[in-house]
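Written below as structure tokens is the structure these notes are about.
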Amino acid sequence: MHNETLYKSDNGLIANLEPGTVIDHTIVSPVYNEWFHASAVARQWTAKTTNFTHSYTTNLVETILII
Numbered sequence: 002m003h004n005e006t007l008y009k010s011d012n013g014l015i016a017n018l019e020p021g022t023v024i025d026h027t028i029v030s031p032v033y034n035e036w037f038h039a040s041a042v043a044r045q046w047t048a049k050t051t052n053f054t055h056s057y058t059t060n061l062v063e064t065i066l067i068i
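This is the structure we're talking about:
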């Protein structure tokens with residue numbers, strides 16, 4: 002996905018995500034360890050979330066748990 006617009010539903014109304022919100026299920030890849038992070042307050046309409054993909058680790062145990 003390249004054009005994500007994420008928002009929350011608050012009593013039937015569309016609202017911006019709170020700063021610090023992390024989405025790590027439903028819309029992320031089942032293959033890669035990735036997540037979306039809303040890091041800032043939205044000043045106009047919706048905030049642009051950043052997509053993170055964890056691509057390298059030095060911890061073998063963590064890698065095994067991800068797979």
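Numbering (the working numbering), first residue to last: 2 to 68. For every residue, glycine included, the Cβ atom is placed at its ideal position computed from N, Cα and C.
{"Item": "Option nearest Asn52 by Cα separation, candidates Ile15, Asn34, Val42, Ser10", "Value": "Asn34"}
{"Item": "DSSP three-state assignment for Lys9, whether helix, strand or coil", "Value": "strand"}
{"Item": "Distance, Val32 Cα to Asp11 Cα", "Value": "31 Å"}
{"Item": "Contact belief for His38 with Thr50 at Cβ below 8 Å, rounded distance in angstroms", "Value": "6 Å"}
{"Item": "Simplified DSSP state of Leu18, which is helix, strand or coil", "Value": "coil"}
{"Item": "Spatial neighbours of Glu5 in its chain, beta-carbon cut-off 8 Å, leaving aside the 5 residues before and after", "Value": "Ile28, Phe37, Thr50, Asn52"}
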